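There are 2 protein chains.
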Amino acid sequence: MPRSVKFRKVAGGVAAAKGFSAAGVRCGLKLKKNALDLGLIVSDRPCSVAGVFTTSRAAAAPVGWSRDVVKRGTARAVVANSGNANACTGERGARDAAAMAIAAGQELEIDPDEICVASTGVIGRPLAIDKVVAGVLDAAEELSPDEDGGAAFARAIITTDTVEKTIAVRLIVDGKVVTVGGSCKGSGMICPNMATMLAFVTTDAAISSAMLQAAVRSAADVSFNRITVDGDMSTNDTLLVLANGAAGNKRITRTGRAFEQFAAALEFVCTHLAKMIARDGEGATKFVEIRVRGAASESDAVRIGRAIGNSPLVKCAIHGNDPNWGRIIASAAACGARFEPAKARLSLGGKLAFEKGVAADTPLTELEAAMKPKDVAIELDLRLGKGAATVWTCDLSREYIGINADYHT
Amino acid sequence: MPRSVKFRKVAGGVAAAKGFSAAGVRCGLKLKKNALDLGLIVSDRPCSVAGVFTTSRAAAAPVGWSRDVVKRGTARAVVANSGNANACTGERGARDAAAMAIAAGQELEIDPDEICVASTGVIGRPLAIDKVVAGVLDAAEELSPDEDGGAAFARAIITTDTVEKTIAVRLIVDGKVVTVGGSCKGSGMICPNMATMLAFVTTDAAISSAMLQAAVRSAADVSFNRITVDGDMSTNDTLLVLANGAAGNKRITRTGRAFEQFAAALEFVCTHLAKMIARDGEGATKFVEIRVRGAASESDAVRIGRAIGNSPLVKCAIHGNDPNWGRIIASAAACGARFEPAKARLSLGGKLAFEKGVAADTPLTELEAAMKPKDVAIELDLRLGKGAATVWTCDLSREYIGINADYHT
Numbered sequence: 003m004p005r006s007v008k009f010r011k012v013a014g015g016v017a018a019a020k021g022f023s024a025a026g027v028r029c030g031l032k033l034k035k036n037a038l039d040l041g042l043i044v045s046d047r048p049c050s051v052a053g054v055f056t057t058s059r060a061a062a063a064p065v066g067w068s069r070d071v072v073k074r075g076t077a078r079a080v081v082a083n084s085g086n087a088n089a090c091t092g093e094r095g096a097r098d099a100a101a102m103a104i105a106a107g108q109e110l111e112i113d114p115d116e117i118c119v120a121s122t123g124v125i126g127r128p129l130a131i132d133k134v135v136a137g138v139l140d141a142a143e144e145l146s147p148d149e150d151g152g153a154a155f156a157r158a159i160i161t162t163d164t165v166e167k168t169i170a171v172r173l174i175v176d177g178k179v180v181t182v183g184g185s186c187k188g189s190g191m192i193c194p195n196m197a198t199m200l201a202f203v204t205t206d207a208a209i210s211s212a213m214l215q216a217a218v219r220s221a222a223d224v225s226f227n228r229i230t231v232d233g234d235m236s237t238n239d240t241l242l243v244l245a246n247g248a249a250g251n252k253r254i255t256r257t258g259r260a261f262e263q264f265a266a267a268l269e270f271v272c273t274h275l276a277k278m279i280a281r282d283g284e285g286a287t288k289f290v291e292i293r294v295r296g297a298a299s300e301s302d303a304v305r306i307g308r309a310i311g312n313s314p315l316v317k318c319a320i321h322g323n324d325p326n327w328g329r330i331i332a333s334a335a336a337c338g339a340r341f342e343p344a345k346a347r348l349s350l351g352g353k354l355a356f357e358k359g360v361a362a363d364t365p366l367t368e369l370e371a372a373m374k375p376k377d378v379a380i381e382l383d384l385r386l387g388k389g390a391a392t393v394w395t396c397d398l399s400r401e402y403i404g405i406n407a408d409y410h411t
Numbered sequence: 003m004p005r006s007v008k009f010r011k012v013a014g015g016v017a018a019a020k021g022f023s024a025a026g027v028r029c030g031l032k033l034k035k036n037a038l039d040l041g042l043i044v045s046d047r048p049c050s051v052a053g054v055f056t057t058s059r060a061a062a063a064p065v066g067w068s069r070d071v072v073k074r075g076t077a078r079a080v081v082a083n084s085g086n087a088n089a090c091t092g093e094r095g096a097r098d099a100a101a102m103a104i105a106a107g108q109e110l111e112i113d114p115d116e117i118c119v120a121s122t123g124v125i126g127r128p129l130a131i132d133k134v135v136a137g138v139l140d141a142a143e144e145l146s147p148d149e150d151g152g153a154a155f156a157r158a159i160i161t162t163d164t165v166e167k168t169i170a171v172r173l174i175v176d177g178k179v180v181t182v183g184g185s186c187k188g189s190g191m192i193c194p195n196m197a198t199m200l201a202f203v204t205t206d207a208a209i210s211s212a213m214l215q216a217a218v219r220s221a222a223d224v225s226f227n228r229i230t231v232d233g234d235m236s237t238n239d240t241l242l243v244l245a246n247g248a249a250g251n252k253r254i255t256r257t258g259r260a261f262e263q264f265a266a267a268l269e270f271v272c273t274h275l276a277k278m279i280a281r282d283g284e285g286a287t288k289f290v291e292i293r294v295r296g297a298a299s300e301s302d303a304v305r306i307g308r309a310i311g312n313s314p315l316v317k318c319a320i321h322g323n324d325p326n327w328g329r330i331i332a333s334a335a336a337c338g339a340r341f342e343p344a345k346a347r348l349s350l351g352g353k354l355a356f357e358k359g360v361a362a363d364t365p366l367t368e369l370e371a372a373m374k375p376k377d378v379a380i381e382l383d384l385r386l387g388k389g390a391a392t393v394w395t396c397d398l399s400r401e402y403i404g405i406n407a408d409y410h411t
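Going down the list, the protein sequences come from chains A and B.
Whatever position you read off the first sequence (first residue = 1), add 2 for our numbering.
Whatever position you read off the second sequence (first residue = 1), add 2 for our numbering.
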């Protein structure tokens, strides 16, 4: 797919696209005083909807509800709460997820079957549904099509995140101005195949739900599915994309130039959001881009990238600015992908560290200097084939332990 | 296989069995002053030899050498060094591994093809082979068939371990006293499929190398392959078992009572050593036993046990004495094994935490109290089938980060 598509960044996040409003309010689920914990996105007209969800066998109640909405293909709104994942909550959880949609439906005069729900936070505690329903009514009052609506929504969905995560871009599709904007949350329990991660993207592009689903799947595969903080997939991972057609472009119903342009913008937005998650990983002090090429296949490249990105030893070495290429090679060699030490070349921050099966000639002081920046690139060329993939992660610090040993049930 | 075999623990480690001597000396590879770093085991007669090795595609040079010895089936001695893994060292590494065997062969008047070698330590640095060869000569002088020989060997193979790891047992096989003893090292880069782990077991049982290999494979599968510290497999993982027949039992050449008795003792020794590694995991403050049963298959049980044991979030929760069953269920549900939340039952330290898809009635204070001991048992009954497996791990502490961020290349 050609990616020579021009777009510019704009403000507004999930409220940037025409016809969308958003809000974020406090309903009282988060312990922290004044912290927003309920977000709402509404479109002024029906949307094609597509999504990707956790493959956990204990998928949370809201995942089940939203999956059904996506199957039907049409949505008008999204209700999302933070502070409680509504996961491992049994039948009561399913009722509570439905109640979130029903409350929003009554208030907004929308069929609840066209309302997606999402939750994130503690697992295994019943949702204080009265608070959530009250929050939905408050949020409906606060809906705004402007930047502040998008910003409040972004704040309402975060948990251990240290920053809100928002991006929007504008491009021309079929002679019309199309906007794609989104927000996400995620910081721990982050791993390929959708982690404790909620991401919501809205667009005013006109596109069928089938083509939207194709674009979403493909964008997720190279963005949210290529980040890892700690190798854990969660019960709640959700990416939802709503497209309301307000841009007025000819409805995209097949592949072709318009689809490619839209897909490129969606991929850019998803990749940007995914990288923000890796950068904001729990306790992270460094952002790591792992570029694998020359693998026997793309799946081998992804496997190796993930193995390196998931290795606690590699992540600790990065934390300590240690050019410990041995741990990187050990990870790549152990993951099951094709790997021949004598062929592989590994660079750290642009400096060659390993080739021909042994340490490269680069002086250790140069390698050490290459590890010092906050952003570190690991480049591994396997010289076996054409498979390539980029994976993003962060370092592993004492702070991660603090966050996750002290965050109590 | 019936496991109603009686045996008693004895001292001596790898030197406990009849006809074996051992030594540990300092050759100067480890930076730490006075630290032993070269170990030697010698049998007074030829042994059947069996082994299990890392599946890393960048297996270290000594692994290649020892694999060949095991293929031929006969050995007389083992030379092992710590302080340098002789991994990612190319052709020079292969020459150095051979030189270790040749030096020992000359000194001991044994065919080098009957001498196993093993290395552990930093990856990617050429071995100071002169020091190693000098160490081999020193060790040959120090060989002792007594406890102190076994103890010195155990000290010589450790790296970041905080304790030496040794066990030996004695049992009656076929009317003869048989001894099985061993030592291992390992603390970080520890994961199923043999991690940065060296383990050596000696026995005076008479057994063919084919039957020995069968017993070793089966023992490794339920011991060393069921521990995890950090999910990383290393380039050097090696388990070697030498059986010299000095006990005088009828040579075991097929399955039957004698084989079962011997296999039970070997499994006990391997399991004991493996658990010592998990308990001594880098930075560990807690020892965790994960007992999975009722799985759809044994491989599902192992997969779930490993997923829980590898989860940094679960390990952090255990570090913080947090009965965070949600993270355990999330790990089990995400690993790809069959899992039905509504059927599963999870207990922490003997207290029911989760059943019927939701939190159990056990008061939080009771669950918290159950997490406080240094040894914690996680019991998960999936109620789907008969698959069962036990996996051992440790918690994840700030100290792990310290050890691995500050241990420099």
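In this text, a Cβ means the ideal position worked out from N, Cα and C, and glycines have one as well.
Note that the structure is a prediction, hence the values are computed from the model and not measured.
| query | Going by beta carbon distance, what residues of the same chain come within less than 6 Å of lysine 317 of chain B, once the five residues before and after it are set aside? | reply | Asp397, Leu398
- Residues that isoleucine 403 of chain A contacts on chain B, provided the C-beta gap is smaller than 7 Å: Cys318, His321, Leu398, Ser399, Arg400, Ile403
Reference threonine 76 of chain B; option with closest CA among B:Cys118, B:Ile104, B:Ala62: B:Cys118
CB contact flag (leucine 384 of chain B, alanine 346 of chain B, <8 Å):
yes
Practice problem: Quick one: residues in its chain with C-beta nearer than 6 Å to the C-beta of arginine 157 of chain B, no 5 flanking neighbours on either side, listed in chain order? | Solution: Gly26, Leu38, Glu166
| query | Can you pull the DSSP bridge partners for alanine 82 of chain B? | reply | B:Gly41, B:Ala120
**Asked** What's the gap between the Cα of aspartate 113 of chain A and the Cα of threonine 364 of chain B?
**Response** 40 Å
Q.
Please classify glycine 352 of chain B as buried or exposed, where buried requires at least 16 neighbouring CB atoms within 10 angstroms.
A. exposed
* Asked: Going by beta carbon distance, what residues of the same chain come within less than 7 Å of alanine 96 of chain B, once the five residues before and after it are set aside?
  -> Ala63, Gly66
| Straight-line CA distance for arginine 305 of chain B to alanine 407 of chain A? | 24 Å
Here's a check: name, in chain order, each residue in its chain whose Cβ is nearer than 6 Å to the Cβ of glycine 30 of chain A, leaving out the five neighbours to either side. Lys133
Could you tell me which chain A residues have their CB closer than 9 Å to the CB of lysine 358 of chain B, listed as they occur along the chain?
Gly92
On the CB-based measure, 16 or more other CB atoms within 10 Å of its CB, does asparagine 36 of chain B come out buried or exposed? exposed
Run of the alpha helix (DSSP H) containing aspartate 140 of chain B, from where it starts to where it stops: 131-144
Check whether the Cβ atoms of glutamate 401 of chain B and glycine 322 of chain B sit closer than 8 Å, and answer yes or no. no
ask   = In the region 115-126 of chain A, which residues sit with their C-beta less than 9 Å from some C-beta in chain B, listed in chain order?
value = Val124, Ile125, Gly126
Point to revise | Where aspartate 397 of chain A falls: helix, strand or coil (DSSP) | key: coil
Point to revise | Contact list for the region 331-352 of chain B against chain A, Cβ threshold 9 Å | key: Ile331, Ala332, Ser333, Ala334, Ala335, Ala336, Cys337, Gly338, Ala339, Arg340, Phe341, Glu342, Pro343, Ala344, Ala346
Next item on the list: Could you tell me if glutamate 93 of chain A is buried or exposed, where buried requires 16 or more neighbouring beta carbons within 10 angstroms of its beta carbon?
Entry: exposed
- Let me know the secondary structure DSSP gives glycine 359 of chain A once reduced to three states. coil
Which of the three DSSP states, helix, strand or coil, is assigned to isoleucine 331 of chain A? helix
| query | Listing by chain order, which chain A residues have their CB less than 9 Å from the CB of glutamate 241 of chain B? | reply | Here the sequence assigns leucine to residue 241 of chain B, which means glutamate is not the residue at that position. Within 9 Å Cβ-Cβ: nothing; leucine 241 of chain B doesn't reach chain A, min ~16 Å.
Span of the alpha helix (DSSP H), counted from its first residue to its last, around glycine 92 of chain B: 92-110
Indicate whether at least one CB of chain A lies closer than 8 Å to the CB of leucine 315 of chain B. yes
Item to check | Euclidean distance between Cα positions of glycine 53 of chain A and leucine 354 of chain A | outcome: 40 Å
### Query
Can you name, in chain order, every residue of its own chain whose Cβ lies under 6 Å from the Cβ of glycine 307 of chain B, other than the five neighbours on each side?
Ile292, Val294, Ala391, Val393
| query | In three-state terms, what does DSSP make of isoleucine 405 of chain B? | reply | helix
**Prompt:** If you draw a straight line from the alpha carbon of asparagine 246 of chain B to that of valine 135 of chain B, how long is it in whole angstroms?
**Reply:** 26 Å
Task: Coarse secondary structure for proline 375 of chain B, derived from DSSP in three states - done: coil
Margin query: alanine 249 of chain A and alanine 297 of chain A - do their beta-carbons sit closer together than 8 Å?
Written below: no
Item to complete: Just the chain B side, please: which residues come within less than 7 Å of tryptophan 327 of chain A by C-beta, in chain order?
Response: Gly126
For this session: Assess, as a yes-or-no matter, whether the region 370-379 of chain A is touched by the region 253-268 of chain A under the definition of 3 or more beta carbon pairs within less than 8 Å.
Result: no
Original post:
Terminal residues of the continuous alpha helix (DSSP H) containing alanine 280 of chain B?
Top reply: 259-281
| The beta strand (DSSP E) spanning glycine 66 of chain B covers which residue range? | Per DSSP, glycine 66 of chain B belongs to no beta strand (DSSP E); it is in the alpha helix (DSSP H), 63-74.
Check: Below 8 Å between beta carbons: does that hold for phenylalanine 22 of chain A and isoleucine 43 of chain A?
Finding: yes
Closer than 7 Å by beta-carbon distance: list the chain A residues that pair up with threonine 237 of chain B, in chain order. Ala332, Ala335
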